[in-house]
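Single-structure report; data block below.
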DNA sequence: CTGTTAGCGCGTTCAT
DNA sequence: ATGAACGCGCTAACAG
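Chains as they are written, first to last, in this note's numbering: chain A, 86 to 425; chain B, 86 to 425.
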C-alpha cells in the first residue's frame, strides 16, 4: 500500500495531501501558501491532512518554480582564519533571521579553483558573497556578471561597480603607526601578509605614506605571513633587528610572534612592542593582551547580508561601506625603550 | 529578441542549446552527462553550442529529477567555537573533494530552534551532520528518522542506532588527571561546561571515577563555562582556593583563566597548573603554551563526511568511531608546588 | 544512435 | 471559491 517502506514521512507530495483531504492540488497549494481565498472549512481539512502526513512542500520543487532558493553562497579563502569565521557567523546569523540559508565554500586559498567554486556555488543559490582577497582585479571583474547579485568583501569597488563591504586597512595601519610613534618608536618592523592581497597593499601604502611624512622613523619590512607559524618564525629576525616595535600583518601573526618572543625571554612591551590587526576574540586574552586595530568582523558579515538582501529584492544598491578600524590599546604596546 | 536583457549567460536552458545545435533536448542531455552513445560529430556540435551559450545544466532542475542535491547540511551549536569551526572545515574540505556542497546552520545554542533548523536544512540536502551536544536524548531519538541519512557528532550511539563520530572525553579527562597526579597535584579544581552537554558529563564521570580510585586527591568543582569570559571570571575563585591545578572545560576557558591569572601575577605553572581540552590551534601559542587533551578536530569532520557519504551511497553503516584524545604536555602544567 | 513523451513536485494562470 | 492544465529545467523511459 505504502509507496515507500520508510516509516518516515518524507516523500509525501502535495497530491497525497490533496487526496487525503479530498481536494485538488491547487487548493492544497493555496492553503499551504496562506491564500485567503479558500473556504475556511476546506482550509482546515487541508491543514489537518498536511499535519497528519507531516507534509511540507519540497523546497526543491518550490525553488524551481519560484525561481529562488532562499539560499545564498559565501565563498571564503580560508575557513581556519578567525576573520572569515567571524564574517561567516555574522552573515549566517543575519540571513537566518530572514529565513535564508547559507551555502559555504572554502577555496583553501586555491586561486585556480576559486573561480569555478564561486560559479558553482552561485548556481545553487540566489546570490553570493565573495571574499577573495587575492583574486586579480581583471579576473574578478570578468567574473562579476556571472555572479550577480553579488557582494564583495574587502575589495575596492573601483574596477567593477559592485556592491562591497570592507575594512579600511589603510586607516587602521595609519592609526597603528601613529600610536607607536606617539609611544616614541622610531624604528619599526612590518611583517607583511600575502603580496597579492589588497589588504596588504593598503597597509603598505599607509606605511610608505607615513614614512614620507616622518623622516625620523624607519619602517623595515621583514619576512611575514598570515598565520601563527609565520609570526613564530619571524621572532629571530625581530630579535636580531634593532627595531623597538613590530606591526604584524594580523593578530594571528602577532600571537605567533608573541609566543616565540616569550620563549626567548624577550619582554613585551618592555623590549619590543607588538601590534596585531583585526581584533579577533583571542586578542584580548594573550599575554600580554594584544594592541590591535579592531575591525568589526561580524558586522562586516551582517552588512554584506543586508546589501545582498537589498539586491535580491531588486532594491537599488546601497552605498558601499567601509569600516574605519579602531586602535585598541592593550598591554603589548608600550613606550619605546631607551636606545641601547 | 533576447528573452532577458541581462548581458549574462544565465537563464540559458537546455532547449536553447538544443535549438542552436539543431538537435533534441535528450541529445543535449546525453552529451552533457557524458553518455557515450552519441555520434561524435553531433556531440561536438552540442558542446560548441553549449560553450558559446556558456550553458550549464541547472543544478536545481537536476536535483529535482535526480532526487539528489549534491549538498549536505551541517548543524552546529556555535560557529564562534573553534572546535566546530575545525569540524566544519574538515567536513567541508572532504565533501568538496567529492563535489558535494555544504549548507551550514548555526543554532546559536538555541535548543528550541535547533530541531526545526535541522529539519529545514535537511530538506534542502541529501543528508545531514548534526552537532547538538545539548539536545536531550529523547528529542534526538525522535528527530533521527526525519533526518536520515544522518551522522551525529559527539553523541552516544546508545539511545538511537545512528552513525556517530566522537571524541572520547572520558578518556581524555582521565589522562589529564593522571598527568596532573603524576606531577604531584592532589588538590585539583574543575571548571565544568554546560551541565546539559554530554561531553561535560563524560568529563565528570572520569573525574569521580578517578577520585574513587585515588582517595588522596580531591577534585573541587568551581563555577565554569565554555568561553574565554568564563575562564577569566573563574580566576578569583581559583586564586582563592588552595588547589594547585585546574582542569578547564576546554581550551577557551583555559585561555581566559590563563590571561586573568597572569594579570593577577599568579604564575603558571609555578603557582598553579592549568590544562585545557581540544587542542585548538591557539593552544600552543599561549603564554605559557597550554597543556591540553588533543582531539583531532578536523579529522572528526572528515570522518563524519566519510560516514555520511557511505550512507548516501546506500552502503552499510560503518562502525562508529571514537577518537581517544592525546595529552599534549606544554608549559602550562608543571610539578605541584610544595604545600604552603 | 536519436527524438518524443512522461514525469520530478510544485505554483499559477486560466476557466468554471 | 475551486479545479484542470501548463510550465519551471531537466533526465529517463520508450519508440523509432
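Even glycine gets a Cβ: it sits at the ideal position worked out from N, Cα and C.
Whose C-beta lies closer than 8 Å to the C-beta of residue i among residues of the same chain, with five residues either side of it excluded?
i	result
residue 102/A	113, 131, 134, 135, 138 and 140
residue 155/B	144, 148, 184, 185, 186 and 211
residue 188/A	156, 157, 158, 159, 206, 209 and 210
residue 380/A	168, 252, 257, 362, 363, 364, 408 and 410
Closer than 8 Å by beta-carbon distance: list the chain B residues that pair up with residue i, in chain order.
i	result
residue 173/A	164 and 189
residue 414/A	What residue 414/A touches in chain B: nothing, since even the nearest Cβ is about 16 Å away.
Are the CB atoms of residue i and residue j nearer to each other than 8 Å?
i	j	result
residue 428/B	residue 298/B	Absent from the model: residue 428/B. The displayed extent of chain B is 86 to 425, so no value can be given.
residue 159/B	residue 176/B	yes
residue 290/A	residue 239/A	no
residue 389/A	residue 410/A	no
residue 418/A	residue 354/A	yes
residue 360/B	residue 270/B	no
residue 363/B	residue 108/B	no
residue 307/B	residue 324/B	no
residue 382/B	residue 172/B	yes
residue 198/B	residue 217/B	no
residue 253/B	residue 120/B	no
residue 350/A	residue 313/A	no
residue 292/B	residue 265/B	no
residue 367/B	residue 367/A	yes
residue 268/B	residue 423/B	no
residue 142/A	residue 99/A	yes
Excluding the 5 residues flanking residue i on each side, which residues of the same chain have their C-beta closer than 6 Å to its C-beta?
i	result
residue 87/A	Caution applies to residue 87/A, whose pLDDT of 35 falls short of 50 and renders its modelled position unreliable; the model cannot decide the point.
residue 414/A	376
residue 115/A	123
residue 90/B	Bear in mind that the predicted position of residue 90/B carries a pLDDT of just 36, short of 50, making it too unreliable to give a figure here.
residue 385/A	172 and 250
residue 97/B	138 and 140
residue 288/B	254 and 258
Which chain A residues are close to residue i, counting only those with a beta carbon under 7 Å from its beta carbon?
i	result
residue 370/B	313, 340, 341 and 344
Which bits of chain A does residue i rub up against, with CB to CB less than 9 Å?
i	result
residue 149/B	143, 145, 146, 148 and 149
residue 177/B	164, 189, 190 and 191
So residue i and residue j are in contact, right, with Cβ under 8 Å, and what is the actual spacing, rounded?
i	j	result
residue 215/B	residue 235/B	6 Å
residue 229/A	residue 247/A	6 Å
residue 344/A	residue 372/B	6 Å
residue 237/B	residue 249/B	4 Å
residue 274/A	residue 311/A	No, residue 274/A and residue 311/A are not in contact; Cβ-Cβ is about 16 Å, not under 8 Å.
residue 392/A	residue 403/A	6 Å
residue 281/B	residue 219/B	4 Å
residue 170/A	residue 164/B	7 Å
residue 346/B	residue 318/B	Not really, about 12 Å apart at Cβ, beyond 8 Å.
residue 333/B	residue 276/B	5 Å
residue 405/A	residue 242/A	5 Å
Using a Cβ-Cβ cutoff of less than 7 Å, which residues in the same chain neighbour residue i once the five nearest sequence positions on both sides are dropped?
i	result
residue 296/B	302 and 304
residue 448/B	Shown here, chain B extends from 86 to 425; a query on residue 448/B therefore has no answer.
Can you pull the chain B neighbours of residue i, defined as C-beta to C-beta under 7 Å?
i	result
residue 170/A	164 and 170
If the cut is a Cβ gap below 8 Å, which residues of chain A does residue i touch?
i	result
residue 206/B	186
List the residues of chain B whose Cβ lies closer than 9 Å to the Cβ of residue i, in chain order.
i	result
residue 154/A	145 and 209
Name, going along the chain, the residues of the region 334-367 of chain B whose beta-carbon falls closer than 8 Å to a beta-carbon of chain A.
When C-beta distances to chain A are compared with 8 Å, the residues of the region 334-367 of chain B below that value are 340, 341, 343, 344, 347, 366 and 367, in chain order.
May I ask you to list, following chain order, the residues of the region 179-197 of chain B that have a beta carbon less than 8 Å from some beta carbon of chain A?
Near chain A, meaning a CB-to-CB distance below 8 Å, the residues of the region 179-197 of chain B are 181, 186, 187, 188, 189, 190, 191 and 193.
Against chain B, which members of the region 386-405 of chain A pass a CB distance test of less than 7 Å?
Here the close residues number zero.
Contact list for the region 233-253 of chain A against chain B, Cβ threshold 8 Å:
For the region 233-253 of chain A, which is checked against every Cβ of chain B, the residues closer than 8 Å are 233.
For the region 255-275 of chain A, which residues have a CB atom closer than 7 Å to at least one CB atom of chain B, in sequence order?
Within the region 255-275 of chain A, no residue qualifies.
Along the region 219-234 of chain A, what residues have a CB closer than 8 Å to any CB found in chain B?
From the region 219-234 of chain A, only 230, 231 and 233 have a Cβ closer than 8 Å to chain B.
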